[in-house]
Amino acid sequence: MQLETERLIIREIVESDWESIHTYTSMTEVTQHTAWGPNTEADTRAYVQHVIRSQGAEPREGYELAIGLKRDGTLIGGVGLHVMENTNAEIGYVLHPAHQRRGYAAEAASALLDFGFHELGIHRIYAKCRPNNSASENVMQKIGMQREGLLRKHWFYKGSFHDSVIYSILAKEYRAQ
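Mapping of the sequence shown onto the numbering used here: residues 10 to 186, in sequence order.
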């Protein structure tokens, strides 16, 4: 599977991507808002192997994809869509800090929204972030998602309970944009 935008190629992750992926998954500044990381090399290799195995699932429920620059193919991050019960899906994204604040996350997420609504027939796509992750919240707003609310202390990870802000967009809202 491959999607293209004006500036990006969004494609399946392959085994040789692990080193590029590890450059950002090992960074504390990137993983401070995630349920994973900072990754060891073994963690990143295991993640890539898991993603490759999931690519052949039938029905496929997970789409973890690499974000590459169209101009030179540089892998700058990842975007994912995880389908639940054929009607809802969760989207997520992560970028290497050297490529943040240029609109790449919103561009990649928009392409995945289009794929989810048009190719997979999803009814609702949602995303979550920590309340202090304003960059992620800005991406959600930029791609047309509406804030639904705050999930209070719903997730235990990294030794404590955390809140999440949740946003979503419905297929009919996406088509109206």
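Heads up, the beta-carbon is just placed ideally off N, CA and C, and yes, glycines get one too.
- Partner residues in a beta bridge of Lys167, as assigned by DSSP, do not exist.
- Residues of the same chain with a CB within less than 7 Å of the CB of Glu50, apart from the 5 flanking positions on each side, are His31 in chain order.
- Every unbroken stretch of the alpha helix (DSSP H) spanning 4 or more residues and falling wholly within the segment 25-62 is given here in chain order: 27-34, 37-40.
- Of the residues assessed, Asp123 falls on the exposed side of the cut-off, its CB having fewer than 16 other CB atoms within 10 angstroms.
- In the pairwise beta carbon analysis, the segment 138-146 is classified as touching the segment 163-177: at least three pairs are separated by under 8 Å.
- Counting only residues of its own chain and dropping the five nearest sequence neighbours on each side, Ala180 has a CB closer than 6 Å to the CB of Phe126, His132.
- Nearest C-alpha to Glu157 among Ile134, Tyr166, Ala144: Ile134.
- Under a 10 Å Cβ-count criterion, Ser177 is classified as buried, with 16 or more other Cβ atoms of the shown protein chains found around its own Cβ.
- Taken through DSSP and simplified to helix, strand or coil, Val23 comes out as coil.
- Secondary structure of Glu94 (DSSP, three-state): coil.
- Counting only unbroken stretches of 3 or more residues, the beta strand (DSSP E) elements lying wholly within the segment 122-165 are 133-138, in sequence order.
- Under DSSP, Ile100 shares a beta bridge with Leu90.
- Short of 8 Å from the beta carbon of Leu159, and not among the five residues preceding or following it, lie these beta carbons of its own chain, in chain order: Pro140, Asp172, Ser173, Val174, Ile175.
- The beta carbons of Ile22 and Ala107 sit about 19 Å from each other, so the pair does not count as a contact at 8 Å.
- Cβ-Cβ separation between His91 and Glu70: approximately 6 Å, consistent with a contact (criterion under 8 Å).
- CA-to-CA, the gap between Leu121 and Ser35 works out to about 25 Å.
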